[in-house]
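Peer 1:
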Amino acid sequence: MDNKITKVVIAGGGTAGWMAAAAFGKLMGKRLDITLVESDDIGTVGVGEATIPTLQLFHRLLGIKEPELMAATNATFKLGIQFENWYQQGQNYLHSFGFLGQGCWACGFHHFWKKGQELALVSEIGDYCAEHLAARQGRFAVLPGQDANHAYHFDAALYARFLRQLAENHGVKRLEGKIAKVRQCPQSGNLQALQLESGEQVAGDFFLDCTGFRALLIEQTLHAGFDDWTHYLPCDSAIAVQTENIGAPLPYTRAIAHHSGWQWRIPLQSRTGNGLVFCSSYMTDDDAIKLLLENIKGAPINAPRVIKFRTGSRRAHWKKNCVALGLASGFLEPLESTSIHLIQRSIIRLLQMFPSQGLIEADMLEFNRQTMEEMTNIRDFLVLHYRATARTDSPFWRHCAAMDIPDSLARRISLFRESGAVYKYSQDLFGESSWVQVMMGQGIVPARYHPIVDMLDIKELGDMLDKLRAKARHEAGRFPPHQDFINHYCKAA
Ligand code: FAD
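In this note's numbering, the protein residues as written are 39 to 531.
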């Protein structure tokens, strides 16, 4: 029997569907016949506008030019996320995408900084990172020879349109229609075809489930199962509303904690995306809408929308001849803007393991293992933000401060607290700088620094710290105002 896989069907045309279509079209389009089915009636989730720097790799792979992307999606640059009122009300810290200072083979920079702090030789740790300083000063540019770690805020609908164009240029076919039924082989259980409401059948050898929270293929048909993580990540609702811009866009996302959740503010060239993520056990939808509308700047340009979700992960992301991408594969909540990254990772992983000659059980298991490990590590990083709080002003924060956390996270926290070391797990998205910024921003301070720091005498340590701070200042100072650079860059598109 011929098990070759040549016909790929993508169910769903949100960010996940069009990212997959663009990547498969560009990188395997000559070998595969690819069809994407989407429903205009159902539409997309319509949020998901903040990204992280790894997206640059995806764009490079697809040959996307950054100025064109920026112009086509009304994008701004993002250098990090400012967390406000998370550890304590009135306190804020920035999780920037840059590296903090420069450590050595034995330990990270924060050990040198810690001794410097004990000797009153330092200012705040972010002062040793160019991206951190640039974000605070509202500056950014892509400069020759200065590769600052950056990501984007973009319009999700325009991003999907941009990718659709790319996919169609590489031969991907698009069908508009509602999927009414998914046909399976009675013997193997493999998927065979999508049946649309019009009666049309879309047959395939391999299917990508990008149908969002509906998870039509992976769950409703293949029953892959779901690991519910709401006991770790209790928020289950969001309100989204767009507003007119006021002032120049900041080069970072704001994540502002409220009494029962948190609010995002994502600046685009054309408008600002706002949302409130909250836990329905502590706040009603109506109260959340009221709270969000009281805390936005600029006139709303659409009515507030309520979005319900459940945090957790599909137990198998690849089952039979189907891989789930995007919201169909699970959702961890938008706190660190990791969903689009996970889509990209699964696409690349699947391209690397693509079963052209037929399904291989070992590949499927490995794909699922890596995906689950990656999601679990991200989950732990998100839980840290909620759990490491000193807030006791509302039932929600009291719940978060007392909740059980995964052992994997408990180990990371106690290690950092005791020795300042950061565990590196395999499939870990967030590196040492990220863990350090969030741990310290959330009040977890190491008890000691690494003994190698004592190899420097006080003057040597002071000189080293001064030099690193001057370097970060110099680099940030080379950037023009963010808005000026966007204008210049997009004109070049
Ligand atoms: P969707 O956008 O829901 O697309 C589903 C597609 O399937 C649509 O085309 C729909 O028409 C189609 N479909 C469904 N059923 C059928 C059917 N029966 N027949 C035909 N077609 C069908 N991610 C980030 O990286 N950064 C963020 O800042 C961020 N913020 C978020 C905020 C919130 C509140 C939420 C809920 C998510 C956020 N995300 C974020 C996640 C991000 O929105 C998603 O990962 C991303 O948009 C991908 O969604 P999707 O394509 O999987 O699903």
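No residue lacks a Cβ here, since even glycine has one placed at the ideal position from N, Cα and C.
1. So which of G101, R507, F192 and L213 has the shortest CA-CA distance to K116?
2. Taking H423 as the reference, which of C438, Y197 and S77 has the closest Cα?
3. Relative to the alpha-carbon of E214, which residue among L232, I381, H208 and R449 has its alpha-carbon at the smallest distance?
4. Name the two residues that bound the continuous alpha helix (DSSP H) containing V474.
5. Measuring straight from C-alpha to C-alpha, what distance separates T349 and N359?
6. Verify the contact flag: I345, CB atom, against every heavy atom of ligand 1, threshold strictly below 7 Å.
7. Let me know the beta strand (DSSP E) ranges lying completely inside the stretch 346 to 429, each 3 residues or longer, listed in chain order.
8. For G237, which of helix, strand or coil comes out of DSSP?
9. Sorted by chain position, which residues of the same chain lie with C-beta nearer than 6 Å to I559's C-beta, five sequence neighbours on each side aside?
10. As a quick exercise: from L107, N112, S134 and T111, pick the residue whose alpha carbon is nearest that of Q120.
11. Is the distance from the Cβ of L246 to the Cβ of V361 below 8 Å?
12. From A550 to L331, what distance separates their C-alpha atoms?
13. So does S77 have its beta carbon nearer than 7 Å to some heavy atom of ligand 1?
14. So which of G364, L288, Q465 and R449 has the shortest CA-CA distance to D522?
15. Ignore the nearest five residues each way along the sequence and tell me which others in A532's own chain have a CB closer than 7 Å to its CB.
16. Tell me whether R486 counts as near ligand 1, meaning its Cβ is closer than 7 Å to at least one heavy atom of that ligand.
17. From N187 to D495, what does the alpha carbon distance come to, in whole angstroms?
18. Whole beta strand (DSSP E) runs in the stretch 85 to 143 with 3 or more residues, listed along the chain?
19. Ignoring anything shorter than 3 residues, give me the beta strand (DSSP E) runs that lie fully in the stretch 177 to 234, in order along the chain.
20. Taking 7 Å as the cut-off, does the CB of L365 come closer than this to any heavy atom belonging to ligand 1?
21. Here's the rule: buried if 16 or more other CB atoms are within 10 angstroms of the residue's CB, otherwise exposed. What is K346?
22. Starting from A293, trace the beta strand (DSSP E) in both directions and tell me its first and last residue.
23. In the DSSP assignment, find the alpha helix (DSSP H) that holds A534 and state where it starts and stops.
24. Can you find a heavy atom of ligand 1 that lies under 7 Å from the Cβ of R303?
25. Quick one: is G86 buried, meaning 16 or more other Cβ sit within 10 Å of its Cβ, or exposed?
26. L260 lies in the alpha helix (DSSP H); which residues open and close that run?
27. When the Cα atoms are used, what is the spatial distance from W56 to G50?
28. How close, in whole Å, do the beta carbons of N312 and W300 come, if the pair is a contact with beta carbons under 8 Å?
29. Helix, strand or coil for Q301? Go by DSSP, reduced to three states.
30. Based on Cα-Cα distance, which residue from H488, E257 and A189 lies nearest to V220?
31. From R292 to D501, what does the alpha carbon distance come to, in whole angstroms?
32. Please identify the residue among H296, R383, H170 and L420 whose C-alpha is closest to the C-alpha of N406.
33. Give the range of the alpha helix (DSSP H) segment to which K505 is assigned.
34. When you compare only the Cα positions, how much space is there between L499 and A168?
35. Give every residue of the same chain whose Cβ lies closer than 8 Å to the Cβ of Q239, excluding the five residues on either side of it in the sequence, and list them in chain order.
36. Hey, quick one: how far does the alpha helix (DSSP H) through G154 stretch, first residue to last?
Peer 2: If we stick to the structure as given:
1. Nearest C-alpha to K116: F192.
2. C438
3. L232
4. E470 to G479
5. 25 Å
6. yes
7. 350 to 352 and 360 to 362
8. Per DSSP, reduced to three states, the secondary structure at G237 is coil, with no helix or strand assignment.
9. Since the first and last residues shown for the chain are 39 and 531, residue 559 lies out of range.
10. S134
11. yes
12. Here the chain covers residues 39 to 531 and nothing more, so residue 550 does not appear.
13. Result yes, Cβ under 7 Å from ligand 1.
14. L288
15. This structure cannot speak to residue 532, because the chain is shown only from 39 to 531.
16. Not a single heavy atom of ligand 1 lies less than 7 Å from the C-beta of R486.
17. 32 Å
18. Qualifying beta strand (DSSP E) stretches, in chain order: 114 to 116, 118 to 122 and 130 to 134.
19. 189 to 191, 211 to 214, 217 to 222 and 229 to 234
20. yes
21. exposed
22. T291 to H296 is the span of the beta strand (DSSP E), which, as asked, contains A293.
23. Outside the displayed span of the chain (39 to 531) sits residue 534, for which this structure offers no information.
24. no
25. buried
26. Note, L260: premise wrong, no alpha helix (DSSP H); not H, not E.
27. Cα to Cα, W56 sits roughly 8 Å from G50.
28. Not quite, the Cβ-Cβ distance comes to about 12 Å (not below 8 Å), so this is no contact.
29. strand
30. E257
31. 34 Å
32. Answer by Cα proximity: R383.
33. I496 to G515
34. For L499 and A168, the distance between alpha carbons rounds to 20 Å.
35. R221, A231, L232 and Q233
36. If you look at G154, you'll find it in the alpha helix (DSSP H) that goes F147 to E156.
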